[in-house]
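See below for the structure under consideration.
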Amino acid sequence: MPPPTVPFFLTSTTLAAAAAKPQRPGPPSPPAQKQQPREARDGSRDACASYTARMRLNPQLALRLFDHLLRSGADPDHVAYALALGRCARGRDRRAAAQLHAHAAKRGAASHRRVCNGLIHAYAVCGSLLDARKVFDRGHEGDAVAWNSLLRGYAAAGDVNALREFFVGMQARDTVSWNTIIAWCVENGEYEEAIAVFREMLASMECLPDRVTLVSVISAITYLGALAQGLWAHAYVCRKGIEVEERLSSALINMYSKCGCIEGAVHVFENLGAQMNVDTWNAMLAGFTANGCSEKALELFARMEITGLVPNKITFNTVLNACSHGGFVEEGLFDKAEKMIQMMPMKPDAAVWKALVGACKTHRNFELGRKAGHMLIEAAPNDHAGYVLLSNIYALDGNWTGVHKVRKLMLDRGVQKVPGSSSIEIDGVIHEFISGDKSHSSKEDIYEMLSEMCQQLKVAGYVPDTSHVLLDIDDEDVKESSLALHSEKLAIAFGLISTAPGTPIRIAKNLRVCGDCHNAVKLLSKIYGRNPLLLLAPDGPLPTAHTLLLLTTSSEVIICSRPIQFLMQAHKMSREEHGELSAMVVFSKIKRKEELGLARNLSRLVI
């Protein structure tokens, strides 16, 4: 590779002198100075060791210190090259990495394994995958660090085919390799694929999952609303003795909250003890808010203030959401809400403006809603959610000209609305629906059940709330038909025909639940005896499940209010009769310690 232009930190004279030093002939040494070359080498090693020690202590100055090392006349060793390349990777400085590569090659250091790993990592992080692959192909295929560096490079570049092909062909897959693939799946919305890769990781028995693995897997489960799989993942954490630190605890709290099992979230949160930090408090605050427990969220916020933890912008946003969803933002308090945002110690971001727009929509404060909506789309110009919220404010006010202007602005900026979808887990398989969906193999049965649901709702006296049809349509019948075909109602219909009577139904949504569906679900839960029938959305008030213990079998989740007796019975069951069982105490009001200990011991036996 021809040496590129010298970057700022290495002057041409320094580099030329250092690179040419071994090849430059000098005058013969006099006999009295025969020991001088050895002494010079010792001095060079000492100088190099001194500089590498300083580079370790000051990684931000690694390149500048490497320059001083060359100026001193000392020879850099493989450690110095590796530290300098690490700084190139952190600063995404491909030019400096290439210069170091050329210099190391001239000095014969480029073949050292640690230098090669540093080069592969630096090139991969900088997006120069061809250069990284060239270094990799020069005989370092057996090094797990090299494999993982290149794998992360393919993941960062989004080259799906190369990523999968490289992963399948890896000779040294370790936990980091699997974590990279699983995290990439989650970051790119391939949630089912992430869980499938995790199962493959367990089946391969090449290595064991760690906390990073479980955080990614639980995040995927959260997006799918698959509580049964979430329970299994939590049980796996407990069985393997994996430490539940801040990130993993936040992931578990988020999973339980968004799967409608707020008691499970509380159980995880209250057992953290000294490991609680702002992120875990925020996760629990968001959990209470998402499950319609606004008063508990505000009580928890008061507890947080007592601990002395400093709230961040996520905390403020969550508390504002709690006030909005709990009806605490009354007509006369919007000015105070606006002042609260202006007085925040940090600049309000899109999440804060989104919370205020949502409150304005709920309480029909269109003037402030429009103002906050425009602040929202300026704070997050590429996020479709802000445009949709602002458009809804205009639609509720009957301002269709404003709606068209917002949609035109989206078109001009190339922002596309993400279609709303609802998913339900049946026998470990995720079924996803969109509004008016007719692609499912059981569509005839689904629409037959949907028709029955509409009839049952009418008999119960339910009147569709057509104000939630934010379209310029005058025909009320058309509006009612539009509401009936919402994705969550299709998912509920499929759940009713696919599960036994009395089985809880949990529907996960990628967007907020409209007010009509929220009200219809509460009535459908009573009509069909599906308690709880949960709609699990990113935010908004939801029904809550009062769960003490959940026993999962291959096909259902059974909710039990007497965990001690139930666990004792479960322990006596034979797997031949009842299939593979897994149980977990997620919340308990048991007062006596010996009973709580019995419950925990039995739960371990059943799992």
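Residue numbering for the sequence shown follows the UniProt record's numbering, beginning at 1 and increasing consecutively.
Even for Gly, the Cβ is constructed at its ideal location relative to N, Cα and C.
Residue nearest to residue i in terms of C-alpha spacing, selected from the options
i, options, result
"E165", "L151, A157, A156 and V176", "L151"
"A82", "A460, H121 and A265", "H121"
"E448", "Q60, L496, I434 and I424", "L496"
"N117", "E367, H431 and A89", "A89"
"Q456", "K526, D174, G108 and G73", "K526"
"L224", "C238, D67, V186 and V237", "V186"
"G373", "R506, L356 and N519", "L356"
"A84", "G73, K106, G108 and A53", "A53"
"V160", "L298, D137, R87 and W184", "W184"
"G386", "R364, A350, S421 and I262", "A350"
"R94", "R113, K106 and L119", "L119"
"L227", "S423, G358, D77 and R173", "S423"
"A109", "G86, G91 and D77", "D77"
"E206", "D174, V237, E192 and V215", "D174"
"L396", "L61, H267, R364 and A508", "R364"
Beta-carbon contacts of residue i that lie in its chain and below 7 Å, excluding the five residues immediately before and after
i, result
"K134", "none"
"D279", "E246 and S250"
"V217", "I182, A194, I195, F198 and A233"
"P419", "I434"
"G127", "A157"
"E402", "First, the amino acid is wrong: residue 402 is Gly here, not Glu. Once the five neighbours on either side are set aside, the close Cβ partners of G402 are Y394."
"N382", "V415"
"T307", "none"
Residue interval of the beta strand (DSSP E) (run including residue i)
i, result
"H431", "V429 to I434"
"K347", "Here K347 belongs to no beta strand (DSSP E), and DSSP marks it neither H nor E."
"S423", "S421 to I426"
"R364", "Note, R364: premise wrong, no beta strand (DSSP E); not H, not E."
"K509", "I505 to K509"
Where residue i falls, given that 16 or more other Cβ within 10 Å makes a residue buried
i, result
"L208", "exposed"
"A97", "buried"
"S204", "exposed"
"L272", "buried"
"A545", "In this prediction, A545 has a pLDDT of 30, which is less than 50 and means its spatial position is unreliable; nothing more can be read from the coordinates."
"I492", "buried"
"A290", "buried"
"K296", "buried"
"W400", "exposed"
"G428", "exposed"
"F301", "buried"
"V310", "exposed"
Length of the line joining the Cα atoms of residue i and residue j
i, j, result
"H486", "L100", "59 Å"
"L63", "S149", "21 Å"
"K489", "A235", "32 Å"
"K21", "L129", "Its pLDDT being 43, under 50, K21 is placed unreliably in this model, and the coordinates cannot settle the point."
"G264", "Y256", "6 Å"
"G241", "M276", "19 Å"
"D412", "V176", "42 Å"
"I446", "Y154", "42 Å"
"K258", "G287", "7 Å"
"V212", "D131", "29 Å"
"H410", "G398", "Here residue 410 is Met; the residue named in the question, His, does not match the sequence. Distance between the alpha carbons of M410 and G398 is about 20 Å."
"A380", "S451", "40 Å"
"G529", "L231", "24 Å"
"A74", "A104", "14 Å"
"G260", "R506", "8 Å"
"K405", "L285", "36 Å"
"F366", "V352", "17 Å"
"M201", "N179", "10 Å"
"L511", "E378", "21 Å"
"A500", "M453", "17 Å"
"A484", "V459", "15 Å"
"R407", "K443", "32 Å"
"I430", "G189", "14 Å"
"F269", "I253", "7 Å"
Enclosing alpha helix (DSSP H) for residue i [first to last residue]
i, result
"K443", "K443 to V459"
"K134", "L129 to F136"
"I242", "I242 -> no alpha helix (DSSP H), and no H or E assigned at all."
"Q99", "R94 to R107"
Contact set for residue i: own chain, Cβ-Cβ below 6 Å, skip 5 residues either direction
i, result
"M304", "W281"
"Q229", "I221"
"I195", "A220"
"I314", "N282"
"I426", "S498"
"M573", "Summary for M573: the model assigns pLDDT 40, below 50, so the residue's position carries little reliability; its value from the coordinates is reported in the next sentence. For M573, where only same-chain residues beyond five positions count, there are no Cβ hits under 6 Å."
Cβ neighbours of residue i in the same chain (closer than 8 Å, five flanking residues each side left out)
i, result
"M170", "W147, L151 and S177"
"L524", "M453, Q456, L457, I492, R530 and L533"
heavy atom of the ligand NAP below 7 Å from residue i C-beta
i, result
"R95", "In the structure shown, the ligand NAP is absent, as is every other ligand, since no ligand is present at all."
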